[in-house]
Amino acid sequence: MNIFFNMRGTIVRQIAEDRALAEAAMNPPRRTSSPPRRTSSPPRRTSSPPRRTSSPPRRTSSPPRRPSSSPDDRPSTESVQMNNSSNSGVILDISTLKMAEVDTEVPPLPPRYRFRDLLLGDQTFQNDDRVQVEFYVNENTFKERLKLFFIKNQRSSLRIRLFNFSLKILTCALYVLRVSLDDREDVNGDPCAKCQNNSTADSADINWCVIFWVTRREPVWAIQVTVALISFLETMLITYLSYKGNIWEQIFQISFILEMINSVPFIITIFWCPLRNIFVPVFLNCWLAKGALENMINDFHRAIQRTHSAMFNQVFILICTLLCLVFTGACGIQHLERAGKRLTLFDSFYFCIVTFSTVGYGDVTPQIWPSQLLVVILICVALVVLPLQFEELAYLWMESQKLGGNYSRHRAQTEKHVVLCVSSLKIDLLMDFLNEFYAHPRLQDYYVVILCPTEIDIQVRRILQIPLWSQRVIYLQGSALKDQDLMRAKMDDAEACFILSSRNEVDRTAADHQTILRAWAAKDFAPNCPLYVQILKPENKFHVKFADHVVCEEEFKYAMLALNCVCPATSTLVTLLVHTSRGQEGQLSPEQWQRIYGRCSGNEVYHIRLCDSKFFGEYDGKSFTYASFHAHKKYGVCLIGVKREDNKSILLNPGPRHIMAAPDTCYYINITKEENSAFIFKQEEKHNKGIPVSGLYDAPSRLPVHSIIASMGTVAIDLQNPSPPEESSKLTLPTENGAGSRRPSIAPVLEIADSSAILPCDLLSDQSEDENNQSDEEGSVGSDFVKGYPPNSPYIGSSPTLCHLLPQKAPFCCLRLDKGCTHSSFEDAKAYGFKNKLIIVSAETAGNGLYNFIVPLRAYYRPRKELNPIVLLLDYPPDNHFLEAICCFPMVYFMAGTIDNLDNLLQCGIIYADNLVVVDKESTMSAEEDYMADAKTIVNVQTMFRLFPSLSIITELTHPSNMRFMQFRAKDCYSLALSKLEKIERDKGSNLAFMFRLPFAAGRVFSISMLDTLLYQSFVKDYMIGIARLLLGLDTTPGSGYLCAMKITEEDLWIRTYGRLFQKLCSSSSEIPIGIYRTESHMFSTSESQNSINVPQGEEHRERGESWKEKKAHRNSTTSDQSEHPLLRKKSMQWARRLSRKNVKPSSRAERISQQRLNLYRRSERQELSELVKNRMKHLGLPTVGYDEMNDHQNTLSYVLINPPPDTVLELNDIVYIIRSDPLAHMPEESQTGQPRRNQQDFVSETRDETHL
């Protein structure tokens, strides 16, 4: 151990000596003969560096000593230092090394060798070696500090430039003052005072003395000298600070030369008094003032961080240049004319203005050649300088028009605006947004700032130049990913930001990625700005979940197309609900169906608190069903949903168990909101006087037709049952006191629901039905279905929905319809033996959005017997990920093929299909020519329309304007009349000008762009997206109902009116009707129809309708069937002929023969198509029986009536849209827990009878 400690002490001493020698070598002490003094400061160098020896000091010059040696045996420190000084020239102060302590005891280990210091840290040891480093020491010099103050620092340099500008303006003002005080006859004893002061008007005789010498008073001279001295010193300082190695470059600058000309002469006059009256062109300081002002403006913009000021700077420079030219010319001509005509300063200014404006009156002109030469020089300078600046200004103006300028901060803070971010702006998208946004009265004062990265389109520019939009729409070219462009749009002050995706892109995923980045950038820049985002693909929706409102295009599209198959024209119903309309479309038409269809299209969804409502305030404490029925009966409004104050979820038709409370928010369908309605309480008095009263729906619209941005007027609503408008042709509801003919089978709607009277929905009885009807369902797989949640969701963010599922997942091979496998040998739809009609979906690829087509059709509330098989006809086979998501659903199959291949259509079972859904293909959404993206789809659908006339084809188009080509008849007089009507409504400014097209009214065509208004309406109605998702089945909220439909049969016609149907549904099954889908026979002109083979069938159908109506003569119906009203039919045909400009002559015998030949030709064409289809079916080995049974039902028209008046007469085959309450909400606790109930069968059968009337 002693040896170890001795060795350790020796090592420590050697390390200390090495450090001391190294420090001494780096900092040698002063060389002196006297012993060095021991101070705390390090040794200083002398003027001459110390001489070193050729060999460096060796480490072994003093060998290590034992700790036991006495201090007497060691040589003294002074002698060692003397020897070292004489040998090597380096003086070492050994006392600074603290060797005394080392000799007496063993020194402690450094911290890195001790475990305690390793844990506690080596702060003391590190502090001894720490060196403080100062940065940017180059800026501490005097020159750099001056440069920082005068040039680099924004605020200080701005103050300096402002002071310099003030000096230059002061010198110009002093020059004007000196000119006004000048006396040309007296030069104050100057050397030329003895010259002849009198000068004539002859330009050849010039008095040069009055040009070189002026009269300058002492105060003016003193101020000018002071200003010149300050300017001179400042110029020298700035020149010194700006020196970069080339002094001549700075000397020959124009600003430096002007400074010398205007300041040095005044400084010389300080030392030479006779030169005090010499002329100095001080007016040239205006150009220096112009430069100082430009620099000051630049510094000011840099200080406030305003980067987009090029246009302002250029205009400012141009104005300053013109002012300087005029001021220089006026002062120069006035001074030179002192030797001539003696013009005043104002005369010279007038001459310059007249000359530069190219007017040239000639009343004031220079007389001597020096002034004339100056005019020539000024004109040449103006011809060179001004065009360049005008060109630069024009270029900046054009660029600013492209970029759109800025939206000022003052406007953003004092006015309200929204920002619309798009990747490319098309005219249709812009007009849809503007028409829908400004259709609301309270948005009339809002501004729309469009932020688009592309240059503005020519058509868009024309639209924005219309005075209606030019004052409220601002186009900015820029990117939402740049904070500068977001600052230009004042995103942080915006009321909302709409971010729309470009649906016409080939790569829709890339378009979604751009939308996501825009949403992130907007949220990062303005966290408090509400975001309204439109996304295309459902798998990208969770990236923008933070947005306030999100609309996924494919989710809504597929869900809407799916509901179109079970609830006809759901797409038309939802489209009309989400468009703002006043219900005035088609009111001037003689067609009855167009008037009522246009009037009911004005219904929208509104909300109000129960305690603030006159519609629903009296139903506080009553059941929801009671409030809905009586509000519709009394006011004509349809209460469809409610939201509790303590719950964020909206409930559609929560059922009779829901008791209305004052804080509840009510959602209802009406023409206008309650706040814009007036109430008339004089109905009974008018009835007593025999005065007929018109209700909301009966009389023609009393409101004038305004533009789309006009504020909504007041609607008068009568409080009792409306009277019939036309000779009592409509039935009225029975009054509350028992008067009238109320049928005893319709029970009253109870105020408070009786638990014993609430019947569970028949949809929960599927298991019992299967048990009772086991013999009928033999061979069917329906009994094997279970209810549950799909185990595999294809994307993140899909709402879980309780569905009918298979007990076990189907193998992927069994999902292929046209190929057999080891589990099944079926190879076509006929072999499967489906009991229900097929639903065929034609799509390009199996995207994740297609999952939302299957879920609503397999929802738990769909009866098992009514489930339709679904066949996916895909251009490209689906991947395993998609198959994994759909293999749990029953009766879902796929097949590779296209709709333009007849064999594929026949193999997938189009003969046995009830609906064919044609989804717009992504690869055809973009076309070189606008509106040509739908060309292939339209032609293919038209072909199927000819081949399979009874098939219901639901088509999605890219452009809504192309729907006029669906089921196109080139010579159809009625279709041409509808085209004229559409143009008339568009000219009136209607948002729903396309609503009268027969394919749209019937729900046969749909464009996703029609749902863009859903996102726009959410700015005013933040609940619209949620209600739309509940209606379409995209979201399922516990206790909320769902949309379904029921058909009116002959057994249901005893109900007679829509109001009685409302009462029947509310009292029996607690269902809320919201509209009617009506189909009428319409005889199109056979001479213009392309498919007239089944016209006799249409006639037969009409005769059957007439005979049935004769049997039901007691029904005073106001049906719009044209055969019932010959006069109305005659007027409508006249109206059609007038609009289409067709002059129909009386038919002659030759025309009848020609018509018969044409019918035979068309019949043979139909037969030819039939033979073609049958031959292909025989070739494929398919039976042709089903094709022979197909009938042509094309001579009909269908339309949707949203919330019709209570006295609307029901007709045969009417389909009523109803919101059915949640079946799970009515389930008893035993059934919810899974316990069987034996008495459920009787309960269910009674419920089913009541539900189906």
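Just so we're aligned: 1168 in the UniProt record's numbering is position 1168 of the sequence shown, and the numbers increase by one with no gaps anywhere.
C-beta: ideal position from N, C-alpha, C; glycine also.
Ranked by how close their Cα comes to the Cα of THR358, the residues LEU383, MET560, LEU345 and SER589 have LEU383 in first place. Where GLU866 is concerned, there is no enclosing alpha helix (DSSP H), because DSSP gives it neither an H nor an E. Here ASP914 carries a strand assignment [DSSP, helix/strand/coil].
An exposed status is given to HIS410, since fewer than 16 other beta-carbon atoms sit within 10 Å of its beta-carbon. The C-alpha of LEU345 is placed about 16 Å away from the C-alpha of THR215. Here DSSP, grouped into helix, strand and coil, assigns CYS803 to strand. As DSSP reads the structure, LEU957 sits in a beta bridge with SER1007. In the structure shown, the three-state DSSP call for CYS331 is helix. Inclusion of MET491 and VAL550 in the CB contact set at 7 Å is not warranted, their separation being larger than that value. Distance from the CA of PRO869 to the CA of GLU554, rounded to the nearest whole angstrom, comes to 22 Å. For GLN477, the beta-bridge partners assigned by DSSP are CYS452. In the structure shown, GLY291 falls within a helical segment according to DSSP collapsed to helix, strand and coil. Shown here, GLN253 sits in coil according to DSSP, grouped into three states, outside any helix or strand.
Taken atom to atom, the span from the alpha-carbon of ALA1150 to that of ARG1157 is near 11 Å.
Setting aside the 5 residues that flank it on each side, THR269 is surrounded in the same chain by LEU275 and ARG276, each with a C-beta closer than 6 Å to its C-beta; the list follows chain order. For THR1057, DSSP records a beta bridge to VAL1209. For ILE535, the enclosing beta strand (DSSP E) stretches over residues 531-535. In the DSSP assignment, the residues bridged to SER842 are LEU873 and VAL918. For the set ILE984, VAL381 and THR1037, the Cα lying nearest the Cα of SER799 is the one of THR1037.
Non-local C-beta neighbours of GLU505 in its own chain, meaning closer than 6 Å and more than five positions away in sequence, comprise ALA511, ordered along the chain. Looking at the backbone, the Cα of SER1068 and that of GLU751 are separated by about 14 Å.
Residue state for ASN313 is assigned as helix, using DSSP reduced to three classes. Looking only at LYS936, GLY849 and GLU827, the smallest Cα-Cα distance to LEU536 is reached by GLY849. For the options ALA339, SER470 and HIS335, the alpha carbon positioned closest to that of PHE349 is the one of HIS335. In the three-state reduction of the DSSP assignment, HIS417 falls in the strand class. One Cα belongs to ALA526, the other to PHE542, and the distance between them is close to 20 Å.
In this structure, TYR175 and PHE351 do not form a Cβ contact; the two beta carbons are roughly 18 Å apart against a cut-off of 8 Å. Here the alpha carbon of PRO807 sits roughly 40 Å from the alpha carbon of LEU1212. Close CB contacts of GLY583 within its chain, under the 8 Å cut and outside five residues either way in sequence, are with GLY598, ARG599, CYS600, SER601, GLY602, ASN603, ILE671 and SER701 (chain order).
The three-state reading of DSSP puts TYR795 in coil, since its state is none of H, G, I, E or B. When the beta-carbon positions are compared, SER950 and GLY655 stay at least 7 Å from each other.
Nearest to PHE300 by alpha-carbon distance, out of GLU218, ARG155 and TYR407, is ARG155.
The beta carbons of LEU318 and LEU393 sit about 6 Å from each other, so the pair counts as a contact at 8 Å. DSSP, reduced to helix, strand and coil, places PHE556 within a helical segment of the structure shown. In the DSSP assignment, GLU1080 falls within the beta strand (DSSP E) that extends over 1072-1081. Secondary-structure assignment with DSSP links LEU652 through a beta bridge to GLY641.
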